[in-house]
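In the working numbering, each residue carries its 1-based index in the sequence shown increased by 19.
Backbone N, C-alpha and C define an ideal beta-carbon position, used for all residues, glycine too.
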Amino acid sequence: MSLSVLNSAPEVAVKEAVETGVHLDPSLKEVTYNPTYETMFAPEFGPVNPYKSKRMAAPRNMLSGYAEPAHVNNFMFEQQRRTFSTFGYALDPFVDTSQNSSSSYIGAVDEAEKKKGLTVFEVGPKKTDKRKKVQGGEANDIDIDNYLGPWAKYVDEKDGAKPSEVEQKELDEITAKRQKKGRNEEEAPAAEKTILHVKDAYDYQGRSYLHVPQDVGINRRTADIPDKCYLPKKQIHVWSGHTKVGCVC
Numbered sequence: 020m021s022l023s024v025l026n027s028a029p030e031v032a033v034k035e036a037v038e039t040g041v042h043l044d045p046s047l048k049e050v051t052y053n054p055t056y057e058t059m060f061a062p063e064f065g066p067v068n069p070y071k072s073k074r075m076a077a078p079r080n081m082l083s084g085y086a087e088p089a090h091v092n093n094f095m096f097e098q099q100r101r102t103f104s105t106f107g108y109a110l111d112p113f114v115d116t117s118q119n120s121s122s123s124y125i126g127a128v129d130e131a132e133k134k135k136g137l138t139v140f141e142v143g144p145k146k147t148d149k150r151k152k153v154q155g156g157e158a159n160d161i162d163i164d165n166y167l168g169p170w171a172k173y174v175d176e177k178d179g180a181k182p183s184e185v186e187q188k189e190l191d192e193i194t195a196k197r198q199k200k201g202r203n204e205e206e207a208p209a210a211e212k213t214i215l216h217v218k219d220a221y222d223y224q225g226r227s228y229l230h231v232p233q234d235v236g237i238n239r240r241t242a243d244i245p246d247k248c249y250l251p252k253k254q255i256h257v258w259s260g261h262t263k264v265g266c267v268c
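Quick look at the structure:
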């Protein structure tokens, strides 16, 4: 006779793949164990703000975006920055030049191909065809009169500054238009006149209003020499004011 085994625990369907992983808080700065790659870079789950745009919902560790520490050589960074400011192109920072032999540029790619990727710190090809100058004498006492030195003219240099026939025709048309536009008719000079603001120009004795008065001040008709004037030797009077407030009603 065998005894039956009694198990009072209810039967529960358990799957090993359900809720067996450890979830990480995306705001953590450090962890105490070594999580797997799938756990570190798994998508976030949870409530989503429906009013956030994709740009606002993107992960970021600073106000303006997501910054990662990187080592950039100061000279290389300044070289590419100045090249982009001067020529309009620079090396693509997202392309690893150590693995890719061909250089990739951003900005003015056509200009980069034309200049063959030259930077501001590199010297371009020099021009071989230089303008030739007239050969002068030597800087010595014998041939000093024919010495031209740095003041020698170029072989193809033209001394005359006369415009061509087409340019001269255009200049004549412009001059004629300016003369026609700025021509003003000569006006006749205005007649001079004066206005007298008194009743009569002469008084009862027939004297003009410009006549010098003879009864005021110095008598100009006398033949006597006036007394000599002297500077005052003592102070006679001093006009002084007051510091009180004056009221005008």
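For residue j and residue i, believed in contact at Cβ under 8 Å, the rounded distance
i	j	result
VAL139	ARG101	5 Å
C-beta atoms of residue i and residue j nearer than 9 Å
i	j	result
GLY179	LEU167	no
TYR228	ASP234	no
PHE106	GLU130	yes
LYS149	LYS172	no
LEU110	SER121	no
GLY136	PHE103	no
ALA77	TYR85	yes
TYR41	PRO54	For the record, residue 41 in the displayed sequence is Val; it is not Tyr. Yes, the Cβ-Cβ distance between VAL41 and PRO54 is below 9 Å.
THR58	LEU43	yes
TYR108	VAL128	yes
For residue i: DSSP bridge partner residues
i	result
LYS152	TYR173
SER227	TYR221
ILE163	According to DSSP, which records beta bridges pairwise, ILE163 is partnered with nothing at all.
GLY84	MET81
TYR56	Its beta-bridge partners do not exist; DSSP assigns none.
ALA109	ILE125
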